[in-house]
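Here the structure is laid out as structure tokens; the discussion comes afterwards.
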Amino acid sequence: MWLYHGLYRIFLIIKAKLTKSELALVDEGDPDGIVSGALFKMRFPRGVVVTAYPPEIKSNYLIRAIRWDFVADLPCPGKARLRADHHLSNTPCAAVEFYDPNAPASALLALKALGLEENPTASKLVSLAVETDTAQITSQEAMDLEAAVKGADFKGKLHLIEVLAKKGVDALNDEKVKEYIERYRKNKSRTEEFAALLQPPPKEVIVFFKKDYKLSYRYLTILLEKSGADFTFILVPKGLFRYRVYAGAKPESSYNAASIVEPLGGGGHKFAAGATFRSISSAKALKKVLPLLKQALGRDSIDIIVVEDDGLKKTTLS
Numbered sequence: 013m014w015l016y017h018g019l020y021r022i023f024l025i026i027k028a029k030l031t032k033s034e035l036a037l038v039d040e041g042d043p044d045g046i047v048s049g050a051l052f053k054m055r056f057p058r059g060v061v062v063t064a065y066p067p068e069i070k071s072n073y074l075i076r077a078i079r080w081d082f083v084a085d086l087p088c089p090g091k092a093r094l095r096a097d098h099h100l101s102n103t104p105c106a107a108v109e110f111y112d113p114n115a116p117a118s119a120l121l122a123l124k125a126l127g128l129e130e131n132p133t134a135s136k137l138v139s140l141a142v143e144t145d146t147a148q149i150t151s152q153e154a155m156d157l158e159a160a161v162k163g164a165d166f167k168g169k170l171h172l173i174e175v176l177a178k179k180g181v182d183a184l185n186d187e188k189v190k191e192y193i194e195r196y197r198k199n200k201s202r203t204e205e206f207a208a209l210l211q212p213p214p215k216e217v218i219v220f221f222k223k224d225y226k227l228s229y230r231y232l233t234i235l236l237e238k239s240g241a242d243f244t245f246i247l248v249p250k251g252l253f254r255y256r257v258y259a260g261a262k263p264e265s266s267y268n269a270a271s272i273v274e275p276l277g278g279g280g281h282k283f284a285a286g287a288t289f290r291s292i293s294s295a296k297a298l299k300k301v302l303p304l305l306k307q308a309l310g311r312d313s314i315d316i317i318v319v320e321d322d323g324l325k326k327t328t329l330s
């Protein structure tokens with residue numbers, strides 16, 4: 013899948029260059045990035061949107077070699093004409109920056125950057141992005157948008173960008189988009205069943221999955237925080253020699269999820285952050301994150317919940 017993703021990304025970049033179309037790079041992982049991509053397509057209907065996850069920006073040579081016309085909700089890849097972002101950990105570097113770490117969503121800045129502030133369809137999409145990115149979802153449309161993004165694969169997310177640009181919120185009634193929503197809802201239900209196994213959670217929850225059970229791990233951090241955890245840290249293998257961290261913290265807590273994952277090449281918000289890094293084994297992956305957890309939590313040893321096929325077990329690492 014990662015190889016196919018990479019090859020398709022190359023195809024999109026070549027397509028943009030051959031057709032002399034505007035080229036955008038947006039965050040693949042959440043509604044904020046996807047809505048920003050849709051805004052770009054509203055402004056430039058012939059434009060080409062490429063998606064990526066934040067950790068790829070530093071490690072992917074192709075992404076850093078390209079000059080992008082528009083970048084949103086991502087670290088600056090090095091060569092960008094226009095960028096919209098609100099992450100404190102992402103240093104501005106584009107020729108024109110719409111950067112505000114106090115903004116509730118990058119899409120709000122993209123709305124201004126692309127001159128769409130008077131467009132009611134665009135403004136409505138941005139309001140949904142703000143709901144999801146601030147974890148203050150109150151509308152059914154925002155719930156469905158988040159489900160669609162989480163339930164779509166990378167080509168599905170490109171389709172979602174296209175239909176959002178053409179139809180606005182009505183895109184949530186698109187048949188393919190409905191499939192993405194239903195896929196995520198099933199995944200969400202499985203995640204809730206797993207979260208029930210961890211009740212009541214300790215104040216600091218560190219979970220290591222021996223394999224990827226295809227749960228909604230970000231949603232799992234939210235569930236654990238709602239049920240009593242102040243800090244969550246989830247480590248999951250993602251493909252060959254790749255590990256993904258999902259870190260979270262209650263807003264009223266003193267923890268900073270973003271600062272913990274930054275040494276791993278990640279970033280995000282104080283209360284929700286992530287990172288992807290390489291390791292040749294699970295033992296070495298744990299060894300890599302252990303010092304960071306000790307420092308962040310002020311502990312000489314760390315209690316970890318290990319998830320395997322035969323169940324959960326607790327272990328202490330020092």
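Add 12 to the 1-based position in the sequence shown for the working numbering, that's all there is to it. Backbone N, C-alpha and C fix where the C-beta goes; we use that ideal spot for every residue, glycine too. Quantities reported herein were computed from a predicted structural model and do not represent experimental measurements.
Tell me, to the nearest whole angstrom, how far the beta carbon of residue i is from that of residue j; I am working on the premise that it is less than 8 Å.
i	j	result
Leu121	Ala159	With a Cβ gap of about 24 Å, Leu121 and Ala159 do not count as contacting.
Phe289	Lys300	7 Å
Ala269	Gly260	6 Å
Tyr229	Tyr258	5 Å
Leu184	Glu153	6 Å
Leu126	Arg55	4 Å
Leu140	Ser151	7 Å
With respect to the beta strand (DSSP E) encompassing residue i, which residues constitute its N-terminal and C-terminal limits?
i	result
Asp242	Note, Asp242: premise wrong, no beta strand (DSSP E); not H, not E.
Glu109	108-111
Leu329	323-329
Ile314	314-320
Gly286	284-290
Leu86	Where Leu86 is concerned, there is no enclosing beta strand (DSSP E), given that its DSSP letter is neither H nor E.
Ala160	Unbroken run through Ala160 is the alpha helix (DSSP H), 152-163; no beta strand (DSSP E).
Thr63	60-64
Asp39	35-39
Which residue wins for smallest C-alpha separation from residue i, given the options the options?
i	options	result
Leu247	Lys282, Leu209, Ser291	Ser291
Tyr73	Arg21, Asn102, Gly260	Arg21
Gly90	His98, Leu100, Arg79, Ala84	Arg79
Asp312	Leu302, Lys326, Val319, Ile173	Leu302
Glu40	Asp165, Ile272, Arg195	Asp165
Thr146	Gly163, Pro113, Lys178	Pro113
Ala92	Phe82, Pro213, Asp242	Phe82
Pro116	Gln148, Phe253, Phe56	Gln148
Gly280	Lys296, Asp85, Phe23, Val319	Asp85
Phe245	Phe206, Pro212, Leu209, Gly286	Gly286
Tyr255	Pro213, Ser239, Leu298	Leu298
Lys306	Asn185, Thr328, Val319	Thr328
Gly49	Lys70, Ile26, Leu128	Leu128
Glu191	Glu204, Lys262, Lys162, Glu264	Lys162
Asp242	Ile173, Lys222, Ala284	Ala284
Ser33	Val61, Asn131, Gly45, Leu19	Val61
Pro275	Lys70, Val47, Ile25, Lys222	Lys70
Pro263	Gly240, Phe253, Pro249, Val273	Gly240
Ala9	Ile218, Val318, Ser294, Arg202	The chain is shown only over 13 to 330; residue 9 falls outside these bounds and no answer can be derived.
The alpha helix (DSSP H) spanning residue i covers which residue range?
i	result
Phe52	43-55
Ala259	Taken as a continuous stretch (DSSP letters only), Ala259 belongs to no alpha helix (DSSP H), being part of the beta strand (DSSP E) at 254-261.
Ala295	294-309
Arg76	73-77
Ala269	269-273
Quick one: using the 10 Å Cβ neighbour count with 16 as the cut-off for buried, is residue i buried or exposed?
i	result
Lys406	Any question about residue 406 goes unanswered here, given that the chain covers just 13 to 330.
Glu237	buried
Lys200	buried
Glu216	buried
Val108	exposed
Thr103	exposed
Thr233	buried
Arg58	exposed
Ala77	exposed
Tyr267	buried
Ala119	buried
Leu182	The question names Leu, but residue 182 in the sequence shown is Asp. Burial call: exposed.
Pro43	buried
Leu94	buried
Phe23	exposed
Pro212	exposed
Lys169	buried
Gly323	exposed
Asp331	Not covered by the structure: residue 331. The range shown for the chain is 13 to 330.
*Unbroken stretches of the alpha helix (DSSP H), 4 residues or longer, contained in the stretch 173-242*: 187-208, 229-238
*Return the chain-ordered ranges of every alpha helix (DSSP H) run that is complete within the stretch 91-141 and spans a minimum of 4 residues.*
118-125
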